[in-house]
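Trainee:
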Amino acid sequence: MVRKFYFLLQLTFFLCLSEAKSSSIQTQPQAAESFNISYIQKNVQSCSYNFVITTSCSSAKYTRDEISIAFGDAYGNQIYAARLDDPATKTFESCSSDSFQVNGVPCAYQICYVYLYRTGPDGWKPESVKIYGYNSKAVTFYYNTFIPSDTWFGFNYCSSSSSHPQPLTLLSLFVIIAISFLFSDDFY
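Just so you know, the sequence shown maps onto residues -20 to -1, 1 to 168 in mature numbering (1 follows the signal peptide of the UniProt record, and there is no 0).
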């Protein structure tokens, strides 16, 4: 009986360890493979969104690049703001935070993705983007990398929770199998 318990304890440890690795979430921004900003819903309620973009201290002192943002929720609600940049007002200078407000159609639920778009000769390195929405908690996306030119670049956490096995579900399955082994006579 002690050998069975020791064996199950080891098996549980390795199962939990393997689950911790398989359910990790992307922590670095990625280029969007098939991102489309053309879908805009009409005749629906409009909500106000505030967001703060912090430019890294290791970015260029200023940028003349054109910067746009798109963010949304897991239900396809998308907010898009073109040309946030304004060199006259020193937007996106290094070591600075810039606040924006945009009215989005439609109203999104919990924001789970954000993409930035940059085009221009200077280069730009955002540190983070923090988004405040009407129907969602504030969420921060940490970039801390240069945005490549002419591509949507960012994070999409919308499907991360459903694309990996849930540890609790696999652990429950393991417990059922372990109990059946414990009560079988031919285990050892």
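Heads up, the beta-carbon is just placed ideally off N, CA and C, and yes, glycines get one too.
By DSSP, does Ala50 sit in helix, in strand, or in coil?
Mentor: Residue numbering aside, residue 50 sits at position 70 when the sequence shown is read from its first letter. It is a strand residue.
Trainee: Answer yes if the segment 111 to 124 comes into contact with the segment 39 to 46, meaning at least three C-beta pairs across the two stretches below 8 Å, and no otherwise.
Mentor: Flag = no, the segment 39 to 46 and the segment 111 to 124 do not touch.
Trainee: What does the Cβ neighbour count give for Ser142, buried or exposed, with the cut at 16 atoms within 10 Å?
Mentor: Numbered from its first residue, the sequence shown carries residue 142 at position 162. Any answer about Ser142 is weak, because its pLDDT of 42 lies below 50 and its placement is not dependable; what the coordinates show is given next. Answer is exposed; the Cβ neighbour count stays below 16.
Trainee: Check for me: the beta strand (DSSP E) holding Phe121 runs from which residue to which?
Mentor: In the sequence shown, counting from the first residue as 1, residue 121 sits at position 141. Its beta strand (DSSP E) spans residues Ser116 to Tyr122.
Trainee: Am I right that Pro106 and Thr35 are in contact with their C-beta atoms under 8 Å? What's the rounded C-beta distance?
Mentor: Here residue 106 is taken as the residue at index 126 of the sequence shown, counted from 1. Here residue 35 is taken as the residue at index 55 of the sequence shown, counted from 1. At roughly 6 Å, the Cβ-Cβ gap stays under 8 Å, so Pro106 and Thr35 are in contact.
Trainee: Thinking Ala40 and Gly100 are a contact (beta carbons under 8 Å), I'd like their distance in whole angstroms, please.
Mentor: Start at 1 with the first residue of the sequence shown, and residue 40 comes out as number 60. Start at 1 with the first residue of the sequence shown, and residue 100 comes out as number 120. Actually they are not in contact, since the Cβ atoms of Ala40 and Gly100 sit about 11 Å apart, beyond 8 Å.
Trainee: Using a Cβ-Cβ cutoff of less than 8 Å, which residues in the same chain neighbour Gln25 once the five nearest sequence positions on both sides are dropped?
Mentor: Within the sequence shown, residue 25 is the residue found at index 45, counting from 1. For Gln25, where only same-chain residues beyond five positions count, the Cβ hits under 8 Å are Val85, Pro86 and Cys87.
Trainee: By DSSP's criteria, Ser38 is part of a beta bridge. Which residues make up the other side?
Mentor: Residue mapping note: residue 38 aligns to position 58 of the sequence shown, counting from 1. Answer by DSSP bridge pairing: none, since Ser38 is not bridged.
Trainee: Hey, Val109 and Val94: beta-carbon distance below 8 Å or not?
Mentor: Here residue 109 corresponds to residue number 129 of the sequence shown, with the count starting at 1. Here residue 94 corresponds to residue number 114 of the sequence shown, with the count starting at 1. For Val109 and Val94, yes; Cβs fall inside 8 Å.
Trainee: What whole-angstrom Cβ distance do Gly56 and Ile91 have, given they're in contact under 8 Å?
Mentor: Counting from one through the sequence shown, the residue named residue 56 turns up at place 76. Counting from one through the sequence shown, the residue named residue 91 turns up at place 111. The Cβ separation is near 13 Å, so there is no contact.
Trainee: In the DSSP output, what is Ile91 paired with across the bridge?
Mentor: As a first step, residue 91 must be located in the sequence shown, where it is residue number 111. DSSP lists no partner for Ile91.
Trainee: Excluding five sequence neighbours on each side, which residues of the same chain lie with their C-beta closer than 6 Å to the C-beta of Asn136?
Mentor: Within the sequence shown, numbered from 1, the residue matching residue 136 stands at position 156. Cβ neighbours of Asn136 beyond the five flanking positions: Tyr93.
Trainee: Cβ of Ile33 within 8 Å of Cβ of Asp78?
Mentor: The residue labelled residue 33 in the question sits at position 53 within the sequence shown. The residue labelled residue 78 in the question sits at position 98 within the sequence shown. Yes.
Trainee: Quick one: what's got a C-beta closer than 6 Å to Glu73's C-beta in the same chain, skipping five residues either side?
Mentor: The residue labelled residue 73 in the question sits at position 93 within the sequence shown. Within the same chain, Glu73 has close Cβ partners Tyr42.
Trainee: Do Ile59 and Ala68 have their C-beta atoms closer together than 8 Å?
Mentor: Indexing the sequence shown from 1 puts residue 59 at position 79. Indexing the sequence shown from 1 puts residue 68 at position 88. No, they are not a contact pair.
Trainee: Suppose contacts are defined by Cβ-Cβ distances below 8 Å. Is Thr131 in contact with Ala11 by that definition?
Mentor: In the sequence shown, counting from the first residue as 1, residue 131 sits at position 151. In the sequence shown, counting from the first residue as 1, residue 11 sits at position 31. Yes.
Trainee: Spatial neighbours of Ser38 within its chain, please: C-beta separation below 8 Å, excluding the five flanking residues on both sides.
Mentor: To locate residue 38, count along the sequence shown from 1; it is residue 58. Answer for Ser38: Ser74 and Lys105, listed in chain order.
Trainee: Which residue's Cα is closest to the Cα of Pro9: Phe80, Ala118, Tyr97 and Lys117?
Mentor: Against the sequence shown, residue 9 aligns to sequence position 29. Comparing Cα positions, the closest option is Tyr97.
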